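Chemist: Sharing a structure below in structure tokens format, with a few things to ask.
Residue numbers (the numbering used here), protein chains in the order written: chain A, 16 to 286; chain B, 51 to 233.
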């Protein structure tokens with residue numbers, strides 16, 4: 016792939032999705048484009064770009080995006096965002112609930128996959144609210160029932176826990192052979208259940224959340240569906256509630272209804 | 051429909067709008083567009099736009115074309131978004147818009163065409179580059195052709211655009227487009 020080809024593709028993807036690939040990612044993008052070219056049987060970039068650009072179903076663009084945004088999930092992923100959640104967002108939410116005793120927080124990990132994000136949030140909540148008059152619960156949902164079974168088991172390999180600080184590893188995990196099992200205290204704080212983010216009736220029941228984490232999930236939806244899901248999220252949040260997207264995602268490109276909040280550690284959308 | 055018009059809770063109005071996407075009749079479309087214009091809550095307006103996209107009929111396209119003439123930038127942008135997402139359904143109406151005496155309307159039409167995935171859009175953009183008298187409309191069409199154009203005819207059309215107007219901005223747009231079309 017030449018640099019010109021890369022830029023042409025990069026600019027198109029950016030315009031359509033807001034996902035931006037730096038020139039340093041040329042090799043990364045090239046390998047994935049080559050794999051997609053093999054999959055559909057074309058042998059030139061020119062032919063591939065035309066195929067993708069005019070594919071009315073949008074499927075090829077989606078396939079390429081899937082390949083480019085492989086969702087490797089692990090504990091404490093996108094650390095700066097989590098730091099923002101822990102050190103800036105949680106205190107702000109708790110301040111806003113000064114009239115409540117105990118203060119109640121509801122968090123939703125939407126598209127939770129095998130549970131790493133939900134457990135990470137549980138660790139953060141335990142650490143940040145220890146000794147405070149605060150109760151909290153985490154709802155973790157996914158469309159895929161297989162990943163939910165794994166999430167409920169709470170058993171992870173070395174790769175998944177690579178970024179867990181030693182002190183938390185000792186505090187919240189039990190070693191089981193080659194694996195690490197999350198402790199029961201974490202598991203009982205999380206409600207895992209199946210939910211299709213486009214199921215209007217069930218999405219309507221999701222309400223009163225202070226924070227929603229939906230990172231690297233909306234990129235798999237088409238434009239119309241993404242808009243609809245963003246609306247459901249908006250209605251599921253309390254006034255002033257926050258929504259965390261993946262670092263390459265932009266809510267402003269989906270809908271103008273959320274406010275952009277600039278924190279020290281990250282930029283987050285707020286109702 | 052009553053809920054969308056009168057319910058005091060924003061959430062109820064949002065869901066009422068989304069529910070109406072199950073009713074693709076023309077009178078429902080007209081009602082939704084009327085509510086879109088009159089509604090004061092942005093989330094409810096966004097729900098109405100989502101419902102219009104989901105309905106996606108010829109009537110939606112016609113009404114959205116009317117919204118392009120609105121003074122309200124939000125309504126204009128929403129109309130463009132709907133037209134872009136409705137792809138083939140929009141094509142006929144957008145074609146008509148290219149003849150509009152107002153260059154802003156023609157620019158909207160070019161922006162819609164440039165996001166379509168239909169090959170007919172390329173032919174229409176080529177025509178814009180060949181005949182439109184407004185430099186901004188032509189430059190925007192040139193930019194899109196740079197991305198979408200594939201054949202010699204497209205390249206030739208873009209090249210000739212620089213001859214029709216003597217303007218550094220357009221010359222630059224032509225240069226960039228030609229470079230992209232070589233790839």
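Virtual Cβ for every residue (Gly too), placed ideally from N, Cα, C. These figures come from a predicted structure and were not determined experimentally.
Within this structure, are the beta carbons of residue 134 of chain A and residue 195 of chain A separated by less than 8 Å?
Modeler: Not a contact, by the Cβ cut-off of 8 Å.
Chemist: Taking contact to mean at least 3 C-beta pairs separated by less than 8 Å, is the stretch 188 to 207 of chain A in contact with the stretch 168 to 180 of chain A?
Modeler: Yes, the stretch 188 to 207 of chain A is in contact with the stretch 168 to 180 of chain A.
Chemist: Per DSSP, what kind of secondary structure is residue 291 of chain A in: helix, strand or coil?
Modeler: Here chain A has residues from 16 to 286 only, and residue 291 of chain A is not among them.
Chemist: Can you find a C-beta in chain B that's less than 8 Å from the C-beta of residue 65 of chain A?
Modeler: Closer than 8 Å: yes.
Chemist: Here's a check: name, in chain order, each residue in its chain whose Cβ is nearer than 7 Å to the Cβ of residue 78 of chain A, leaving out the five neighbours to either side.
Modeler: Within the same chain, residue 78 of chain A has close Cβ partners 51.
Chemist: Using the three-state DSSP reduction, which class does residue 171 of chain A fall into: helix, strand or coil?
Modeler: Reduced to three states, the DSSP call for residue 171 of chain A is strand.
Chemist: Counting only Cβ-Cβ distances shorter than 8 Å, please list the residues of the stretch 201 to 219 of chain A near chain B, keeping chain order.
Modeler: Hits within the stretch, in order: 215, 219.
Chemist: Select from the stretch 123 to 140 of chain B all residues with a C-beta closer than 7 Å to any C-beta belonging to chain A, and list them in chain order.
Modeler: So the close ones are 135, 137.
Chemist: Please name the residues in the stretch 236 to 267 of chain A whose beta-carbon is closer than 7 Å to at least one beta-carbon of chain B, in chain order.
Modeler: Taking 7 Å as the Cβ-Cβ cut-off against chain B, the residues of the stretch 236 to 267 of chain A that qualify are 238, 239, 242, 243, 246, 249, 250.
Chemist: Against chain B, does residue 35 of chain A count as a neighbour if the rule is that its beta carbon must be under 8 Å from one of theirs?
Modeler: For residue 35 of chain A, the answer is no, since every Cβ of chain B falls outside 8 Å of its Cβ.
Chemist: Which of the three DSSP states is assigned to residue 154 of chain B in this structure?
Modeler: Helix at residue 154 of chain B.
Chemist: Taking only beta-carbon positions, decide if residue 109 of chain B is within less than 8 Å of chain A.
Modeler: False, the Cβ-Cβ gap to chain A never drops below 8 Å.
Chemist: In whole angstroms, what is the alpha-carbon distance linking residue 212 of chain A and residue 179 of chain A?
Modeler: One C-alpha to the other measures close to 29 Å.
Chemist: Does the beta-carbon distance from residue 100 of chain B to residue 117 of chain B come in below 8 Å?
Modeler: Not in contact: residue 100 of chain B and residue 117 of chain B (Cβ atoms no closer than 8 Å).
Chemist: Does DSSP put residue 144 of chain B in a helix, a strand or coil?
Modeler: If DSSP states are grouped into helix, strand and coil, residue 144 of chain B belongs with the helices.
Chemist: Does any residue of chain B bring its CB to less than 8 Å from the CB of residue 171 of chain A?
Modeler: Judged by the 8 Å Cβ criterion, residue 171 of chain A is not in contact with chain B.
Chemist: Report buried or exposed for residue 121 of chain A, applying the criterion of at least 16 other Cβ atoms within 10 angstroms of its Cβ.
Modeler: Buried, by the Cβ-count rule.
Chemist: Could you tell me how far apart the beta carbons of residue 31 of chain A and residue 83 of chain A are, in whole angstroms, since I believe they sit closer than 8 Å?
Modeler: Not really, about 12 Å apart at Cβ, beyond 8 Å.
Chemist: How close, in whole Å, do the beta carbons of residue 196 of chain B and residue 226 of chain B come, if the pair is a contact with beta carbons under 8 Å?
Modeler: That pair is a contact at about 6 Å.
Chemist: Is the number of C-beta pairs between the stretch 249 to 267 of chain A and the stretch 51 to 69 of chain A that are closer than 8 Å three or more?
Modeler: Counting Cβ pairs under 8 Å, fewer than three are found: no touch.
Chemist: Along the chain, where does the beta strand (DSSP E) that runs through residue 284 of chain A open and close?
Modeler: Per DSSP, residue 284 of chain A belongs to the beta strand (DSSP E) from 282 to 285.
Chemist: Counting only Cβ-Cβ distances shorter than 9 Å, please list the residues of the stretch 100 to 113 of chain A near chain B, keeping chain order.
Modeler: Going along the stretch 100 to 113 of chain A in chain order, one finds no residue with a Cβ nearer than 9 Å to chain B.
Chemist: Using a Cβ cut-off of 8 Å (strictly closer), state whether residue 69 of chain A contacts chain B.
Modeler: Output row for residue 69 of chain A: interface = yes.
Chemist: In whole angstroms, what is the alpha-carbon distance linking residue 96 of chain A and residue 190 of chain B?
Modeler: Roughly 38 Å separates the two Cα atoms.
Chemist: Determine the closest residue to residue 228 of chain A out of A/43, A/130, A/215, with distance taken between C-alpha atoms.
Modeler: Here the closest residue by C-alpha is A/130.
Chemist: From residue 154 of chain B to residue 136 of chain B, what does the alpha carbon distance come to, in whole angstroms?
Modeler: Looking at the two C-alpha atoms, the distance is approximately 21 Å.
Chemist: So if DSSP puts residue 125 of chain A in a beta bridge, which residue, or which two residues, is it bridged to?
Modeler: Answer by DSSP bridge pairing, in chain order: A/156.
Chemist: Measure the beta-carbon distance from residue 155 of chain A to residue 124 of chain A and round it to whole angstroms, keeping in mind my assumption that it falls under 8 Å.
Modeler: Contact flag correct, Cβ pair sits at about 4 Å.
Chemist: Please list the partners that residue 170 of chain B has in chain A, where partner means a Cβ-to-Cβ separation under 9 Å.
Modeler: Going along chain A, no residue has its Cβ under 9 Å from residue 170 of chain B, so there is no contact; the nearest lies around 10 Å.
Chemist: Would you call the CB atoms of residue 94 of chain B and residue 63 of chain B closer than 8 Å?
Modeler: Cβ atoms of residue 94 of chain B and residue 63 of chain B: closer than 8 Å.
Chemist: Between which two residues does the alpha helix (DSSP H) carrying residue 189 of chain A extend?
Modeler: Counting along the chain, residue 189 of chain A falls outside any alpha helix (DSSP H), though it belongs to the beta strand (DSSP E) covering 188 to 191.
Chemist: For residue 148 of chain B, would you say it is in contact with chain A, using Cβ-to-Cβ distances shorter than 8 Å as the test?
Modeler: Output row for residue 148 of chain B: interface = no.
Chemist: Check whether chain B comes within 8 Å of residue 183 of chain A, counting only Cβ atoms and requiring the distance to be less than that.
Modeler: It does not: the Cβ of residue 183 of chain A has no partner Cβ on chain B nearer than 8 Å.
Chemist: Compute the distance between the beta-carbons of residue 183 of chain A and residue 138 of chain A, then report whether it is under 8 Å.
Modeler: Against a cut-off of 8 Å, the Cβ pair of residue 138 of chain A and residue 183 of chain A comes out as a contact.
Chemist: In whole angstroms, what is the alpha-carbon distance linking residue 99 of chain A and residue 205 of chain A?
Modeler: Each residue's Cα considered, the two are about 21 Å apart.
Chemist: Output the distance between the C-alpha atoms of residue 102 of chain B and residue 273 of chain A, rounded to the nearest integer angstrom.
Modeler: Their backbone Cα atoms lie some 21 Å apart in a straight line.
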